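In terms of my numbering, the sequence shown opens at residue 135 and continues consecutively. A short write-up of the structure that comes next.
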Amino acid sequence: MPAVGASASSGALHVPSPDWRDQVIYFAMIDRFDDGDPRNNDQGKGEFDPRDGARYSGGDLRGLARRLDYIRGLGATAVWVTPPVAHQWWNRDVSYGGYHGYWAEHFKRIDAHFGTLDDYRALSRGLHARGMYLVQDIVVNHVANYGGYKGGWSAGEPAAHFVLHPAAGGRTAPTQAPFDLNDPRRRAHRAAAIYHWTPDIRDYADPVQERDWQMAGLDDLNTENPRVRDALRDSYAYWIREAGVDAYRVDTAFYVPPEFFADFLHGRGPGHPGILQAARATGREQFHVFGEGFGIDRPFEDMQARRIDGYMRGADGTSLLPGMINFPLYGTTLDVFARGQAPAALAHRIANVMQVHAQPHLMPSFIDNHDVDRFLAGGTAQGLKQALLMLMTLPGIPTVYYGTEQGFTQPRAAMFAAGYGAGGRDHFDAQAPLYRYLQQVIALRRGHRVFSRGVPEVLHANAAAPGALAYRMRGEGEAALVVFNTADRATLLDNLDTGLPAGTVLRGAFAIDASARELVVGEGGRVTLPLVARSGQVWLHEAQTAATGASPSMVGAAAPIPTTDTTSRASVAQARDWAPLALDGMPSGVVRGPLSVRGTAPGRREIRLVVDGDVASGQRVRVGRDGRWQARVATAGLVDAAVEHRLVAWDPVGGNASAAQTFRVDPVWTTLAVVEDPADDDHGPTGQYRYPDDAGWHAAGRVLDLRGVRVVASGGALQLELQTAAMAAAWNPANGFDHAAYTVYVQLPGRADGATVMPQQNAHLPDGMRWHYRLRVHGWSNTLFAADGATATDEGAPVTPAASLAVDRANATLRLTLPASALGHPATLAGVKVYVTTWDYDGGYRALTPAGGAMVFGGGDGAIAPRVMDAVIVSTH
135 MPAVGASASS
145 GALHVPSPDW
155 RDQVIYFAMI
165 DRFDDGDPRN
175 NDQGKGEFDP
185 RDGARYSGGD
195 LRGLARRLDY
205 IRGLGATAVW
215 VTPPVAHQWW
225 NRDVSYGGYH
235 GYWAEHFKRI
245 DAHFGTLDDY
255 RALSRGLHAR
265 GMYLVQDIVV
275 NHVANYGGYK
285 GGWSAGEPAA
295 HFVLHPAAGG
305 RTAPTQAPFD
315 LNDPRRRAHR
325 AAAIYHWTPD
335 IRDYADPVQE
345 RDWQMAGLDD
355 LNTENPRVRD
365 ALRDSYAYWI
375 REAGVDAYRV
385 DTAFYVPPEF
395 FADFLHGRGP
405 GHPGILQAAR
415 ATGREQFHVF
425 GEGFGIDRPF
435 EDMQARRIDG
445 YMRGADGTSL
455 LPGMINFPLY
465 GTTLDVFARG
475 QAPAALAHRI
485 ANVMQVHAQP
495 HLMPSFIDNH
505 DVDRFLAGGT
515 AQGLKQALLM
525 LMTLPGIPTV
535 YYGTEQGFTQ
545 PRAAMFAAGY
555 GAGGRDHFDA
565 QAPLYRYLQQ
575 VIALRRGHRV
585 FSRGVPEVLH
595 ANAAAPGALA
605 YRMRGEGEAA
615 LVVFNTADRA
625 TLLDNLDTGL
635 PAGTVLRGAF
645 AIDASARELV
655 VGEGGRVTLP
665 LVARSGQVWL
675 HEAQTAATGA
685 SPSMVGAAAP
695 IPTTDTTSRA
705 SVAQARDWAP
715 LALDGMPSGV
725 VRGPLSVRGT
735 APGRREIRLV
745 VDGDVASGQR
755 VRVGRDGRWQ
765 ARVATAGLVD
775 AAVEHRLVAW
785 DPVGGNASAA
795 QTFRVDPVWT
805 TLAVVEDPAD
815 DDHGPTGQYR
825 YPDDAGWHAA
835 GRVLDLRGVR
845 VVASGGALQL
855 ELQTAAMAAA
865 WNPANGFDHA
875 AYTVYVQLPG
885 RADGATVMPQ
895 QNAHLPDGMR
905 WHYRLRVHGW
915 SNTLFAADGA
925 TATDEGAPVT
935 PAASLAVDRA
945 NATLRLTLPA
955 SALGHPATLA
965 GVKVYVTTWD
975 YDGGYRALTP
985 AGGAMVFGGG
995 DGAIAPRVMD
1005 AVIVSTH
C-alpha cells in the first residue's frame, strides 16, 4: 500500500490508520529475526545460548529495523512483532527461556535483550517512512511464572501450598505495580486480588478453569478487577502514545472473559481511557486489535469458529474485538493442502467463515506461526505455494510468518547466521524461490481489491479425495475465478458452472509454475479442465467474448494423458460438434465390489471413466460402432462408506464430459493381524528411560505404553488400530490427544526397495525390515512420508493423503486409515509389515538426556540413543 499522508513518508511516529482489509502482515519473532546489537545478547543469567532452542539467540529491535527493506520487498505492508516488553528470562520449572517475550514482568519497559525505547521508536518510524505499519503482540491474561502450588490447592485458602518461583536473579514478582502484589500469603496482596491464585488448567472444556486458572504455570491475572483493567489499559495506551504502534495482536484471548475486551477497548477509567480512545488521540481512527483463540474445528464443524466469533461480538450484538485470528481456516487449509484431505472440507470452511463472522475481512489468516509446526515439516513446497495463493485470494488479512519465504521447516529457527538453527548463515535471500513466489502472489492481491474486499462463492470441491477446488471472488467491480488441484496427480474438473455466458473470455492473471493463459467459457456457461498435479490458477473476468460455442481452453498444461499422441486443433474443433456423452447405466444404492456402468459416446472411439477426478487412474473404455459402451469400475480401496464418489465419462480429445453420477461404497475390511504388547514396558530399548518430570506426563497414566496393534485391509487400503494404556488431552490438542507421538513404519509386500533408517529417532528398523511409507502423528500434526530421500535427519518425501484419524480417549485407542492412493495403489496388502513406536514431538522429537527434566525424557544420551519409548512390530505373513 502507498504511504498514508505526508507524515508517513517523513517517518513520523504517528500516522493515520490504513484500511486493514488491504494489508499484508509479516510476523517476526524478535529474538530469532536479526541481531543488530550483539552487546545486548547476554545479560549474564545463563539465559543466552544460540545453540539451544530454549534460550536466547540475540535478535533485537535494531536487527528488525535494518531488515525493513527485505520485508517491504516481499510486499508486506505491516510488521507484527512478538512482545518487546521486559519479561522473565528463565523459568527453572520447565527449563525454558522467555526469549519469545510472552512472560512479562513489566508491561511498560523494553526488555534489555531487545534494546531501548529509542530502538523501538526507530523501528516504528522506519516502518512509517516506508508506508508500513507496526503491530505489537500483547498479553492481558497473565504475567510470568512467579508462583504456583505444590502439594495441593484450595479455592477458599489460596495461601495453602503456595510457593514462589525465583526467576533469574532471584526476582519473585513483576516490578510493575500492581502486578507486584502476587503473594497470597500476604494479607495486603490477597486483599488487592490482582491474581486468581489457581493451579494449572486440567480441563480446557471447563470455562472456569480456562479463564481463571493458570495456563502452563503462568500467573493468571484477575481481569475482572477494575484495578487490573486500569493498569492494562494504561500499559497498552503507553505503547501507542510513546512508540507509535498501529495495531495490537492479543495473545491467549480465550483465557479472559469476552466482556473484558469491551472495557479494554472502550473503557473510561479515570486517566486510563480505552485503547481505541488512546489511539484516536494520536490520529489513528481505525486502530486494529485482533485476538488469538487457538481453536481448530474438525471437518464440517464450526464450534470453535462460533467460539472465536464470541470474542468479536457478544450475544447481544455488542462489538468486542474488531478481529480474531482465523484458526479454523488454518486447520482446514493444512488438512487439504498438506495432508491431502478432500477439498470439500475447505469449501465448507470458506462458506462457514462468511456465514459465522460479521467482519471476516478483518480476521488475520495464516499458514505458519510460532506455536505450530511449519507447513514444510510435513507438507511439500508445491502444497505450500497453493496454500499461500489461497491465503492471498480469500477475505482476511494474510499473515506471513518469518522464514516461510525461505523454506523454513523449524517453527523458531533464526534468520541470522549466529542464531539457533540457522546453520551458520543468514537467510535474507531475496532471490529464494519462495520469496520470489510470495512477491508474486502478494502483488496479485494488492493489485486487485476483489481479493481483499470481495466475497467468495465456492463453485466446485472434490468430496471424496484430493482434487479440484474452484471458487469465485466478486466485489470492487471485479470478478475472479480461482482453481486448484490439491492432488499429487492430474485431476479432472468437469462441468464447472461459471455462471457466465458462453464465449466469455477470462484473462489469466496467475498460475503456479506456469504461464497464465486465457480461459474461454463453453456451452451453457460451463468449462471442463484437466488440471496438472498441485496446480493453481487465477482468472479475471473481462468484457470481451469469443465466438459463441467456443470450447474452453486449458491453462497450465495440456491433458496429462491424451487419448492419442496426434491430437490436433482440427480434431478438437471437430469434437465440439459431437453429441454429448452420457452415463445411463448406474446402479442404485451402495456398491460392494466392482461397479457396472454403461452409456453412450457417439462419434468417439474411446473414452475415459474418471472416478473422483483421478485422471491418471481413469479407465480406458472402447466405444462400439453404435456409440454405446459398457464397463466395470473397480472400487477396492475406496474405504469411507460416508463419502459420495463421483463418476464421469470424459473425452480427452474433445475436452468434454458427461453429467456426473454419484455412488457410495461399502468397503469390505479384512483383519490381517492382531498383536498384543506387554503392559508397563514403556522404558525405552535399555529399560532405563523415564518420562519427563512435569506432572502432565503422569496425570493420565502411561500414555506411551502400547498395548496392542490391529492391522486391517480393504483392497489396497490400510487401517491400523493402536491401543495404549492411556490417552491425555491436557494441552487442548487439535487431533484429540497429546503427550504422545506415534511413528508408524509400513513395509509393502513384494518390494525390495525402501529404507531402514528411522529419521530423527537415532535408530534403524529391527528384524531386517525396510519401510516404504512412514506416518508421524501427534496432537497437532499428521504427516505421511515416502522413503525417497530419507536419512537419519531427513524424514523423506511428503506424500498425500495422510491418514484419517479416529480418537477414542475413553478406550485409549487411535485408528489410522490410509486409502489405497496414499500407498501407491498396491495390488494387495497381504504380507504387509508394520512397526509402531511411541515418543513425543514438539517441533522435532522431544529431547532425551541422562538426567531428564520437566519437558525432557531421561535415561539416555539423545544425541545417539534411540528416541523410542515403546514399540510393536507386526508381520502379516
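Where is the CB? At the ideal position from N, CA and C, for every residue including glycine. From a predicted model like this one, the values you see are computed outputs, not experimental measurements.
Name the DSSP beta bridge partners of N225, please? Looking up residue 225 in the sequence shown gives position 91. Y230.
Could you check the C-alpha separation between D699 and I741 for me, to the nearest Å? Along the sequence shown, read from residue 1 onward, the residue named residue 699 stands at position 565. Along the sequence shown, read from residue 1 onward, the residue named residue 741 stands at position 607. With a pLDDT of 30 at D699, under the threshold of 50, the modelled position of that residue is not reliable, and no figure is offered here.
Let me check understanding here. Comparing Cα to Cα, which of G913, L939, G958 lies closest to A1028? Any answer about residue 1028 is impossible in this case: the structure gives the chain only from 135 up to 1011.
Quick one: residues in its chain with C-beta nearer than 7 Å to the C-beta of R559, no 5 flanking neighbours on either side, listed in chain order? Taking the first residue of the sequence shown as position 1, residue 559 is located at position 425. These residues qualify, in order along the chain: A551.
Report yes or no: do the region 596-603 and the region 774-781 share at least 3 C-beta pairs separated by less than 8 Å? For the pair of segments examined, the region 596-603 was found to touch the region 774-781: the number of CB pairs separated by less than 8 Å reaches three.
Proximal residues to S1009 (C-beta, below 6 Å), its chain only, five neighbours per side dropped: The count along the sequence shown starts at 1 and reaches residue 1009 at position 875. Excluding sequence neighbours, S1009 sits near K967.
Bridge-paired residues (DSSP) for Y464: The residue given as residue 464 occupies position 330 in the sequence shown. Y464 pairs with nothing; no bridge assigned.
Just the C-alpha distance for F461 and T527, rounded to the nearest angstrom, thanks. Taking the first residue of the sequence shown as position 1, residue 461 is located at position 327. Taking the first residue of the sequence shown as position 1, residue 527 is located at position 393. Going from the Cα of F461 to the Cα of T527 covers about 17 Å.
Contact between the region 247-258 and the region 276-296: three or more CB pairs below 8 Å? In short, these stretches do not touch, since the Cβ pair count stays below three.
Within the continuous beta strand (DSSP E) that includes R756, where are the two ends? By one-based count along the sequence shown, residue 756 stands at place 622. Per DSSP, the continuous beta strand (DSSP E) segment holding R756 begins and ends at 753-756.
Figure out for me which residue from A547, A864, N896, G611 has the closest Cα to the Cα of A556. Here the question's residue 556 lines up with position 422 in the sequence shown. That would be A547, whose Cα lies nearest to the Cα of A556.
For H422, name the three-state secondary structure that DSSP assigns. In the sequence shown, counting from the first residue as 1, residue 422 sits at position 288. In the structure shown, H422 sits in a strand (DSSP, three-state: E or B).
Among H504, L496, T514, G448, whose alpha-carbon lies nearest the alpha-carbon of R473? Indexing the sequence shown from 1 puts residue 473 at position 339. The candidate whose alpha carbon is nearest that of R473 is T514.
Check this for me: beta carbons of I374 and L355, under 9 Å apart or not? Within the sequence shown, numbered from 1, the residue matching residue 374 stands at position 240. Within the sequence shown, numbered from 1, the residue matching residue 355 stands at position 221. No, the Cβ-Cβ distance between I374 and L355 is not below 9 Å.
Nearest to T152 by CA position, among Q516, A212, D183, I484, is which residue? The residue given as residue 152 occupies position 18 in the sequence shown. Residue 152 is actually Pro in this sequence, not Thr. Here the closest residue by C-alpha is A212.
List, from N- to C-terminal side, the alpha helix (DSSP H) runs of 4 residues or more that fit wholly inside the region 572-620. Correct list: 584-587.
Runs of beta strand (DSSP E) lying entirely within the region 715-752, each at least 3 residues, in chain order: 729-734, 740-745
Identity of the residue in Q516, P635, A449, H582 nearest A614 by Cα: To locate residue 614, count along the sequence shown from 1; it is residue 480. The shortest Cα separation from A614 among Q516, P635, A449, H582 belongs to H582.
From V158, V215, H148, pick the residue whose C-alpha is nearest to that of F167; which is it? Within the sequence shown, numbered from 1, the residue matching residue 167 stands at position 33. Taking only the C-alpha atoms, the option nearest F167 is V215.
Could you name each continuous alpha helix (DSSP H) segment of 4 residues or more that falls completely within the region 377-404, going from the start of the chain to the end? 394-400
Can you look up H832 in the DSSP assignment and give me helix, strand or coil? On the sequence shown, residue 832 is found 698 positions in, with the first residue counted as 1. For H832, the three-state secondary structure derived from DSSP is helix.
Helix, strand or coil: how does DSSP classify I164 here? The residue given as residue 164 occupies position 30 in the sequence shown. I164 falls in the helix class under three-state DSSP.
Check F471 in the structure and name its three-state DSSP category. Against the sequence shown, residue 471 aligns to sequence position 337. Three-state DSSP puts F471 in a helix.
Give the single residue among L518, E419, V802, D443 whose Cα lies nearest to the Cα of W154. What you label residue 154 is simply residue 20 of the sequence shown in a count that begins at 1. Of L518, E419, V802, D443, the residue nearest in Cα terms is E419.
Quick one: what does DSSP say A897 is sitting in, helix, strand or coil? Counted from its first residue, the sequence shown places residue 897 at position 763. Reduced to three states, the DSSP call for A897 is strand.
Just the Cα atoms here: how many angstroms apart are G303 and A954? Here residue 303 refers to the residue found at position 169 when the sequence shown is read from its first residue. Here residue 954 refers to the residue found at position 820 when the sequence shown is read from its first residue. Looking at the two C-alpha atoms, the distance is approximately 58 Å.
Own chain residues within Cβ distance below 6 Å of Q853, not counting five before or after: Reading the sequence shown from its first residue, position 719 is the one you call residue 853. Closer than 6 Å at the Cβ level, and outside the excluded window around Q853, lie V846, T951.
Could you tell me which residues DSSP puts in a beta bridge with E657? Along the sequence shown, one-based indexing puts residue 657 at 523. Beta-bridge pairing links E657 to no other residue.
With DSSP run on the structure shown, which of helix, strand or coil describes P498? Reading the sequence shown from its first residue, position 364 is the one you call residue 498. P498 falls in the strand class under three-state DSSP.
Give a yes or no on contact between the region 934-949 and the region 879-889, applying the rule of three or more CB pairs nearer than 8 Å. no
Report the partner residues of K967 according to the DSSP bridge assignment. Along the sequence shown, one-based indexing puts residue 967 at 833. According to DSSP, which records beta bridges pairwise, K967 is partnered with Q881, S1009.
Buried or exposed for S649, going by 16 or more other Cβ atoms inside 10 Å? Reading the sequence shown from its first residue, position 515 is the one you call residue 649. Looking at its Cβ environment, which holds fewer than 16 other Cβ atoms inside 10 Å, S649 is exposed.
For L674, which residues from the same chain have a beta carbon less than 6 Å from its beta carbon, with the 5 sequence-adjacent residues on both sides left out? Counted from its first residue, the sequence shown places residue 674 at position 540. Excluding residues within five positions, the ones whose Cβ falls inside 6 Å are A614, R641, A643.
So, D96 versus I244, is the Cβ gap smaller than 9 Å? The structure shown does not extend to residue 96, since the chain is modelled only from 135 to 1011, so the question has no answer here.
Would you call the region 294-313 and the region 358-367 touching, i.e. three or more CB-CB distances under 8 Å? yes
Just tell me which of H247, G265, P341, D346 has its CA closest to the CA of I289. Against the sequence shown, residue 289 aligns to sequence position 155. In the sequence as presented, Ile is not what sits at residue 289; that position holds Ala. Considering only alpha carbons, the answer is D346.
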